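Note that my numbering gives residue 511 to position 521 of the sequence shown, counting from 1, and the numbers run on in steps of one.
Positions of the beta carbon are idealized from the N, C-alpha and C atoms, including for glycine.
A quick note: this is a predicted structure, and the numbers were derived from the prediction, not measured.
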Amino acid sequence: MKKYFRFIRKNIDKIYQAFLFLLVVVVITLLFPNIGYFRYEFQKGKPWMHETLIAPFDFAIYKTDKELAQERDSILKNYKPYFTYNQQAFERVKDKLTTNFNTNWNKFSTSSEFKSLQLKQKESIKLKENTYQKILELIQGIYQKGIINVPPELEQKDKKPVTAIVSLRNNIAEEHHLQDLYTAKSAYQYLVREIDVQPSSKPLKPFIQQLNLNAYLSPNLVYDPDMSEKVKKSMVEDISLTRGMVQANERIVFEGDIIDNDTYRILESIKREYESVLGSSQSHYLIVLGQVLLISVCLLILFLFLGNFRNKILKDYKKLIFILMMVVLFMAISTFAIKVNFINIYLIPFALITIIVRTFMDSRTALFTLLITVLMVGFLAPNSFEFLFLQLAAGVTAIFSLARLERRGQLILTAFLIFLTYSLIYFAFAVTQEGSIKEIEWQNFVWFAGNGLLLTFSYPLMYIFEKLFGFLSDVTLMELSQSNHPLLRKLTQNSPGTFQHSLQVANLAEKAIYEIGGNPLLVRTGALYHDIGKMKHPIYFIENQSSIENPHNKLEFDKSAQIITDHVKYGVEIARKHKIPQQIVDFIRTHHGEGKVQYFYRSFKNKYPDKEIDEEKFTYPGPDPFTKETAVLMMADSVEAASRSLKEKTSLTIQTLVSDIIDRQVAEKRFDNADITFKNIRQIKEIFTHELINVYHARIEYPKETSEE
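Here it is in structure tokens:
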């Protein structure tokens, strides 16, 4: 039992890695649809490269999406919106008219206009009844015919004027042309015109105006959106998805035949039918097994790449989980898009994988992650070769256009270049396959534009992933390295000498990293912050001392050493207080490693040769550098600080100083944990020497002329 526990403890990293990859295999397998795959690849306009294909069973020939869309548009041209007839509308108007008519007539009958008619009581009553009946009959006729109001959203929705409708009266549908119905305006015009032709209307004109006939005309044909949509849906659902049949044992295509439109439609139909039949057959478990093997092979390729070329990423659980999460995330989005069928797969911004992974890691890892993802999505995507070619081309474009992300505006340019890449390659594919510009599916260019638009959202995604996983992007490094950053501004004010020293170290380290390979922006930012702990006691550091007396003269050597070494501890505390990323804090922790404060250590030994030394008081807390960037910073920091104390700054003295300091650090094994080579160290020495000679304008010593004898 102990042997098993020892084995687990010894191989815990490998077990955890295997568990993560196995978990991803399970998740992606669950995302995959349970269908088989048609074993033949084919493209329209290309020869059939396989053996002659004979239909293994009867199957229907499915219409293309374009044909279905045309048929749908044709059917919907005959679609008429449904309106419900309001039976109660006239009854309400009749009651309102009766009340208002009597009230207004009583007022009108006492007016001078009415008295001038000199009507007898019976004549007055008869005139009143005739006028009321005539108005009521006219309004009733209008309502019987129907008053309609076509809502603006109906015409906007269908993008065409409504010329006819269907009305529902007592559950009976009746078709009407709009010209046979009234609107509120045309109904009023008709009512006024009909009243004006009556012989008695002229003396009653003031009364008619007071009656306000427009108030009794309101639409009684109301748009019924539910019924309209139900009918429209039924019309669309009645469209047949197929056209014709292929019988079993019928030849579909000969080997070498060019795949024309009709053959392509038949091949797509058999592929669809084959995958549907196979997916629902008893071979379900074999299909799942095959999918597991395919997914496992893809992820094994990713594992081997990371194991052989990016072993640090494989051992960094955060980065490994992030890469696998990106693969699963885009697999899930792709599966959803293919299932729902109303989101085109070309809308999914796969290039986002390369942009984000490249931002936090490197280009090769980003491209390889994209490759594995699109390979697995390619099992599901239609026209898989076209899909793979497009996505890989877009990914390469993203990598080259974002070699270093320093400004948000670069994402806009990258999005445009990716849209251009998609469009050009798709156009080339379409022209090759269709042989005609007219047959190109132009709506795909809209999906490409949407894809580019989604890529512009990568900036906020970077921020989210940066905070979730503790990554550090170039954009954040640019922000941190600005001299107006609050912490750097405080360093400038409190310790101006330290800030100038940090600037010089940053320049040296950046140039060295450019030469030997690494992240120049990271090392520059780390150099600017590496000595912020000196703000605690700035006067105890020589670069901040002017003409005043050195305060170390009043202290014991061990006390002075403690103050010097503590600037590392204070620097870490200050950085964490200001929420500086851990990667920058590592530069603060390691820029002296576990080395000693040599000046005070030697001074103490010389003064007290017989006294036992507590070496911990003279030793920096460490750890030693563990990356190429932190190792270069240690060298640059020591060399720059020591060069200031040179009394004679010549090419020879500078070269000797640089070589001695770095050789001593190598001898002390300060760089054993960093991935830096002796060749790198030699290059760094040359760069530091050259740069310091330029800084101090050191001149070579010319040999003295000897007098001629």
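Contact annotation: Leu158 and Tyr75 have beta-carbon atoms nearer than 8 Å.
Note that the C-beta distance between Leu211 and Leu168 is not below 8 Å. Boundaries of the alpha helix (DSSP H) harbouring Arg354: Ser353 to Val367, taken from the DSSP string. Counting only unbroken stretches of 4 or more residues, the alpha helix (DSSP H) elements lying wholly within the region 496 to 549 are 510 to 519, in sequence order. Beta-bridge pairing by DSSP links Val685 to no other residue. A check of alpha carbon separations from Thr153 across Phe326, Val221, Lys70 and Thr100 identifies Lys70 as the nearest. In the three-state reduction of the DSSP assignment, Lys659 falls in the coil class.
Ile651 and Leu642 have their C-alpha atoms spaced approximately 14 Å apart. Within the same chain, Cβ atoms closer than 7 Å to the Cβ of Ser492 are found at Ala517, Leu518, His520 and Asp521, the five residues on either side in sequence being excluded. Looking at the DSSP output, Met225 sits in no beta bridge, so it has no partner there. Linking Leu203 to Tyr178 through their CA atoms gives a straight-line distance of about 7 Å. In the structure shown, Gly234 adopts extended strand secondary structure according to DSSP, grouped into three states. Residue pairing of Val156 in beta bridges, as defined by DSSP: Tyr72 and Glu165.
Note that the C-beta distance between Ile137 and Leu181 is not below 8 Å. Leu498 is a Cβ neighbour of Glu681, given a cutoff of 8 Å. Phe678 carries a helical assignment under DSSP once its states are collapsed to helix, strand and coil. Between the region 583 to 600 and the region 543 to 562, the count of C-beta pairs closer than 8 Å reaches three or more; the two stretches touch. Spanning the alpha carbons of Leu290 and Leu21 requires a straight line of approximately 19 Å.
With fewer than 16 other beta carbons inside 10 angstroms of its own, Ser230 counts as exposed. Look at the beta carbons and you see the region 340 to 356 touching the region 375 to 391: at least three pairs across the two are nearer than 8 Å. Counting other Cβ atoms within 10 Å of its Cβ, Pro615 reaches 16 or more and is therefore classed as buried. In the three-state reduction of the DSSP assignment, Arg592 falls in the helix class, which pools H, G and I. Taking a C-beta distance under 8 Å as the contact criterion, Lys53 and Arg348 do not qualify as a contact pair. Minimum Cα-Cα distance from Ile346 among the listed residues Gln573, Tyr275, Asp464 and Arg62 corresponds to Asp464.
Put simply, the backbone Cα of Lys526 is about 10 Å away from that of Leu481. DSSP places Pro151 outside both helix and strand once states are collapsed to three, so it counts as coil. Residue environment: Val622 is assigned as buried (16 or more neighbouring CB atoms within 10 Å of its CB, all protein chains considered).
The C-alpha of His557 is placed about 12 Å away from the C-alpha of Thr580.
With contacts defined as CB atoms closer than 8 Å, Pro541 and Ile529 qualify as a contacting pair.
Relative to the Cα of Gln483, the nearest Cα in the group Leu126, Lys524 and Phe668 belongs to Lys524.
Rounded to the nearest whole angstrom, the CA to CA distance from Met217 to Asp55 is 27 Å.
Rounded to the nearest whole angstrom, the CA to CA distance from Asn139 to Glu81 is 19 Å.
At the C-beta level, Asn441 and Phe409 come within 8 Å of one another.
Here the alpha carbons of Ser353 and Leu407 stand approximately 18 Å from one another. Lys308 is bridged by DSSP to nothing; it lacks a bridge partner. Annotation for Leu365: Cys288 place their beta carbon closer than 6 Å to its own, counting only its chain and skipping 5 residues before and after.
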